[in-house]
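Undergrad:
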Amino acid sequence: MALSTEDLPQQVRDFKRTMKAKCPDYKRRFEEVSRAMEAEIARIKKEEATGSAIPQFEFSSIAEHGFNEEQRHRLHQAGCGIIRNTLPEQEVAAHNDALSRYIIENGYYEHTPTVEDNYFSQLKSDKPQIFGIYWSPAQIWARQHHNMAVTRRHLNRLWTWQNNGKTFFNPDQEASYADRVRRREPGDATLGLSPHVDSGSIERWIEPHYREVYYNIFQGDWQQYNAFDGANRVDVEEFPSPAVCSVFRTFQGWVALTPQGKGDGTLQVVPSTLAIPYMLLRALQDDVPEDELCGAAPGRALTVSKEWHPLLFEGLVSVSQVHAGDTMWWHPDTIHAVEDKHNGTGYSNVLFIGAAPDCEKNRRFLDKQRPAFLKGESCPDFAPEHHERTYQGRATELDLTDLGRRQMGFD
Numbered sequence: 000m001a002l003s004t005e006d007l008p009q010q011v012r013d014f015k016r017t018m019k020a021k022c023p024d025y026k027r028r029f030e031e032v033s034r035a036m037e038a039e040i041a042r043i044k045k046e047e048a049t050g051s052a053i054p055q056f057e058f059s060s061i062a063e064h065g066f067n068e069e070q071r072h073r074l075h076q077a078g079c080g081i082i083r084n085t086l087p088e089q090e091v092a093a094h095n096d097a098l099s100r101y102i103i104e105n106g107y108y109e110h111t112p113t114v115e116d117n118y119f120s121q122l123k124s125d126k127p128q129i130f131g132i133y134w135s136p137a138q139i140w141a142r143q144h145h146n147m148a149v150t151r152r153h154l155n156r157l158w159t160w161q162n163n164g165k166t167f168f169n170p171d172q173e174a175s176y177a178d179r180v181r182r183r184e185p186g187d188a189t190l191g192l193s194p195h196v197d198s199g200s201i202e203r204w205i206e207p208h209y210r211e212v213y214y215n216i217f218q219g220d221w222q223q224y225n226a227f228d229g230a231n232r233v234d235v236e237e238f239p240s241p242a243v244c245s246v247f248r249t250f251q252g253w254v255a256l257t258p259q260g261k262g263d264g265t266l267q268v269v270p271s272t273l274a275i276p277y278m279l280l281r282a283l284q285d286d287v288p289e290d291e292l293c294g295a296a297p298g299r300a301l302t303v304s305k306e307w308h309p310l311l312f313e314g315l316v317s318v319s320q321v322h323a324g325d326t327m328w329w330h331p332d333t334i335h336a337v338e339d340k341h342n343g344t345g346y347s348n349v350l351f352i353g354a355a356p357d358c359e360k361n362r363r364f365l366d367k368q369r370p371a372f373l374k375g376e377s378c379p380d381f382a383p384e385h386h387e388r389t390y391q392g393r394a395t396e397l398d399l400t401d402l403g404r405r406q407m408g409f410d
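Structure follows, in structure tokens:
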């Protein structure tokens, strides 16, 4: 069955009928995963009370030794982590200043939006005020930095990337995915996003490859589910929409350009990989209309709802205090949000840079992204605003290092 928008309510009804027949004790299974999720919430609250529920690591240690077994377990459980001092702090600060000049001097603030981005329209807070900038020298510098390549290689290897003679992706080679910029002024209250998950909403139930990803969950054996198994992940499809990522990412992520933490209008996460099994089985329960999946809709972020998922809100925590050059990473199934208001005193700025390892799906995307880079157009996954076509100081092919060329698919 290929992904199709034809009669989605009937597709949902058919899916539920099939799943309930294969797993007739779906109510008991959801009760089990609910108790497990409650235990995870208790763990998160306990860890927050004594420090942070988001695991934290030092880049120099990871670069030299990789993640040890205890660290791997923590990341597999939480689905997210902070890596300190990934990029040199002073260099990051200089690039942050240069990025500000790049935006202001090229007239970004004078541009009137002509393209509507509806991806976050279901979320309760305002549409995010994130800059549609992709090719500034600061972004190119960070994407192709050696330390970022080392970091992403070790993050990719947290996944099962080959099995039974089949290689799902190459963990040691990155496909450079051009994402945007967040620059948030103190006092800003326009950027908040309520809790959600990217990379597919309704697809997680009805798309054939996603059904294989979540096979153990839908069969009722949710304890055997491995969130870090690359099989089928590289093949999933999403309904097209501006801001829907069409590459395979092992982790979403950002580089902090400025110091920020709780209260500074920054990222929040539910640090548990049990959240998705909970959400998937929640939608199969009898109190949910037969043709609905707790509000999931094509071409939109998967919303965490207080009506259907109140428990998950109890596990939502803010990112710990970070400094320029620290990086934050989260699994593509991780529930995340953005604080409604920036109550801090300084800018809260990040470059969105995830981990997208080399695979056939990502190479196909690079073939679309390279011409956009050369012309200064928006990344093909985002609204075609094309701010940078005429920008002075925009990065060009000459700014790519040998590593950067390989990551962009030039070599």
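Here numbering that gives the first Met the number 0 is used: the first residue of the sequence shown is 0, the next is one more, and so on. Beta carbons are placed, not taken as given, at the ideal position from N, Cα and C, and that holds for glycine.
1) Going by the beta-carbon positions, is the gap between LEU315 and MET278 smaller than 9 Å?
2) Please classify LEU365: does DSSP put it in a helix, a strand, or coil?
3) In the DSSP assignment, find the beta strand (DSSP E) that holds PRO170 and state where it starts and stops.
4) Given this structure, state the Cα-to-Cα distance separating ASN348 from GLY80, to the nearest angstrom.
5) Could you pull out every residue in the same chain whose Cβ sits closer than 8 Å to the Cβ of GLU202, ignoring the five residues on either side in sequence?
6) In the DSSP assignment, find the unbroken alpha helix (DSSP H) run with THR150 in it and report its ends.
7) Any contact of the region 28 to 43 with the region 268 to 278, i.e. 3+ C-beta pairs under 8 Å?
8) Using 8 Å for Cβ pairs, my map puts LEU365 next to MET407. What's the rounded Cβ distance?
9) Beta-carbon within less than 6 Å of ARG388's beta-carbon, same chain only, minus the 5 sequence neighbours each way: which residues are those?
10) Among residues of its own chain, excluding the 5 on either side of ASP290, which ones have a beta-carbon nearer than 6 Å to its beta-carbon?
11) Within the same chain, show all residues whose beta-carbon is closer than 8 Å to that of TYR118, passing over the 5 residues directly before and after it, in chain order.
12) Within the continuous alpha helix (DSSP H) that includes ILE40, where are the two ends?
13) Could you pull out every residue in the same chain whose Cβ sits closer than 7 Å to the Cβ of LEU154, ignoring the five residues on either side in sequence?
14) Using 8 Å as the threshold, is the region 335 to 344 in touch with the region 152 to 168, meaning 3 or more CB pairs across them?
15) Would you list the residues sitting across from GLN259 in a DSSP beta bridge?
16) Can you tell me the Cα-Cα spacing of LEU74 and SER60, whole angstroms?
17) What is the rounded straight-line gap between the Cα of LEU122 and the Cα of GLY164?
18) To the nearest angstrom, report how far apart SER120 and THR189 are at their CA atoms.
19) Which residues in the same chain as ASP410 place their Cβ atom closer than 7 Å to its Cβ, once the five residues preceding and following it in sequence are excluded?
20) For my contact list, CYS358 and VAL212 are in at a C-beta cut-off of 8 Å; report their separation, rounded to the angstrom.
21) Once you ignore the five residues that flank TRP140 on each side, which residues in its own chain have a CB closer than 7 Å to its CB?
22) Please list, in chain order, all residues of the same chain as LYS15 whose beta carbon is under 7 Å from its beta carbon, the five residues on each side excluded.
23) On the three-state DSSP scale, how would you describe SER60?
24) Among SER135, PRO276, SER319, GLY219, which residue has its Cα nearest to the Cα of LYS261?
25) Are the Cβ atoms of THR326 and ALA255 separated by less than 9 Å?
26) Which one or two residues does DSSP pair with ASN162 in a beta bridge?
27) Kindly list the residues whose CB is nearer than 8 Å to the CB of ALA226, restricted to its own chain and excluding five residues on each side of it in sequence; keep chain order.
28) Let's see if you can read the secondary structure: which residues bound the alpha helix (DSSP H) around GLY403?
29) Rounded to whole angstroms, how far is the Cβ of MET36 from the Cβ of LEU280, which I believe are closer than 8 Å?
TA: In brief:
1) For the purposes of this step, residue 315 is taken as the residue at position 316 of the sequence shown. For the purposes of this step, residue 278 is taken as the residue at position 279 of the sequence shown. No, these two residues do not count as a Cβ contact at 9 Å.
2) The residue given as residue 365 occupies position 366 in the sequence shown. Correct three-state label for LEU365: helix.
3) Residue 170 sits at position 171 when you count from the first residue of the sequence shown. Taken as a continuous stretch (DSSP letters only), the beta strand (DSSP E) holding PRO170 covers 169 to 173.
4) In the sequence shown, residue 348 corresponds to position 349, counting from 1. In the sequence shown, residue 80 corresponds to position 81, counting from 1. So the alpha carbons of these two residues sit roughly 18 Å apart.
5) The residue labelled residue 202 in the question sits at position 203 within the sequence shown. For GLU202, where only same-chain residues beyond five positions count, the Cβ hits under 8 Å are LEU2, TYR209, VAL235, GLU236, GLU237, PHE238, PRO297.
6) Your numbering for residue 150 matches position 151 in the sequence shown. Per DSSP, THR150 belongs to the alpha helix (DSSP H) from 145 to 155.
7) yes
8) The residue labelled residue 365 in the question sits at position 366 within the sequence shown. The residue labelled residue 407 in the question sits at position 408 within the sequence shown. Between MET407 and LEU365 the Cβ distance is about 6 Å, and since that is below 8 Å, they are a contact.
9) Locating residue 388 in the sequence shown gives position 389, counting from the first residue. Within the same chain, ARG388 has close Cβ partners GLY375.
10) For the purposes of this step, residue 290 is taken as the residue at position 291 of the sequence shown. PRO8, VAL11, ARG12, listed in sequence order.
11) If you number the sequence shown from 1, residue 118 lands on position 119. Low local confidence applies: a pLDDT of 46 at TYR118 is under 50, so the model's placement there is unreliable, with the coordinate-based value given in what follows. Taken in chain order, the residues that qualify are SER240, PRO241, ALA242, VAL243, GLY298, ARG299, ALA300.
12) To locate residue 40, count along the sequence shown from 1; it is residue 41. Start and end: 25 to 49.
13) In the sequence shown, counting from the first residue as 1, residue 154 sits at position 155. Result list for LEU154: THR249, PHE250, TRP328, ALA354, in chain order.
14) no
15) Here residue 259 refers to the residue found at position 260 when the sequence shown is read from its first residue. According to DSSP, which records beta bridges pairwise, GLN259 is partnered with VAL321.
16) As a first step, residue 74 is located in the sequence shown; it is residue number 75 there, counting from the start. As a first step, residue 60 is located in the sequence shown; it is residue number 61 there, counting from the start. Going by the C-alpha atoms only, they are around 16 Å apart.
17) Mapped onto the sequence shown, residue 122 falls at position 123. Mapped onto the sequence shown, residue 164 falls at position 165. The predicted position of LEU122 is uncertain, since its pLDDT is 44 and thus under 50; no value can be drawn from it.
18) Taking the first residue of the sequence shown as 1, we reach residue 120 at position 121. Taking the first residue of the sequence shown as 1, we reach residue 189 at position 190. Below a pLDDT of 50, predicted positions are generally treated as unreliable, and SER120, at 46, falls in that range; no measurement from the model is reported.
19) Reading the sequence shown from its first residue, position 411 is the one you call residue 410. ARG404.
20) The residue you call residue 358 lines up with position 359 of the sequence shown. The residue you call residue 212 lines up with position 213 of the sequence shown. Actually they do not touch by this definition, with Cβ atoms about 15 Å apart.
21) Against the sequence shown, residue 140 aligns to sequence position 141. Counting only Cβ-Cβ distances below 7 Å, and skipping sequence neighbours, we find HIS94.
22) Stepping through the sequence shown from its first residue, residue 15 is reached at position 16. Around LYS15: LEU283, GLU289.
23) On the sequence shown, residue 60 is found 61 positions in, with the first residue counted as 1. Reduced to three states, the DSSP call for SER60 is helix.
24) Within the sequence shown, the letter at position 262 stands for residue 261. The residue with the shortest Cα to Cα distance from LYS261 is SER319.
25) As a working note, residue 326 is residue 327 in the sequence shown. As a working note, residue 255 is residue 256 in the sequence shown. Yes; because the gap between Cβ atoms is below 9 Å, this pair is in contact.
26) Within the sequence shown, numbered from 1, the residue matching residue 162 stands at position 163. DSSP, once it has assigned bridges, lists LYS165 as partnering ASN162.
27) Reading the sequence shown from its first residue, position 227 is the one you call residue 226. Answer for ALA226: HIS75, GLY78, THR272, ILE275, HIS330, ASP332, listed in chain order.
28) Indexing the sequence shown from 1 puts residue 403 at position 404. Residues 401 to 407.
29) Against the sequence shown, residue 36 aligns to sequence position 37. Against the sequence shown, residue 280 aligns to sequence position 281. The Cβ separation is near 10 Å, so there is no contact.
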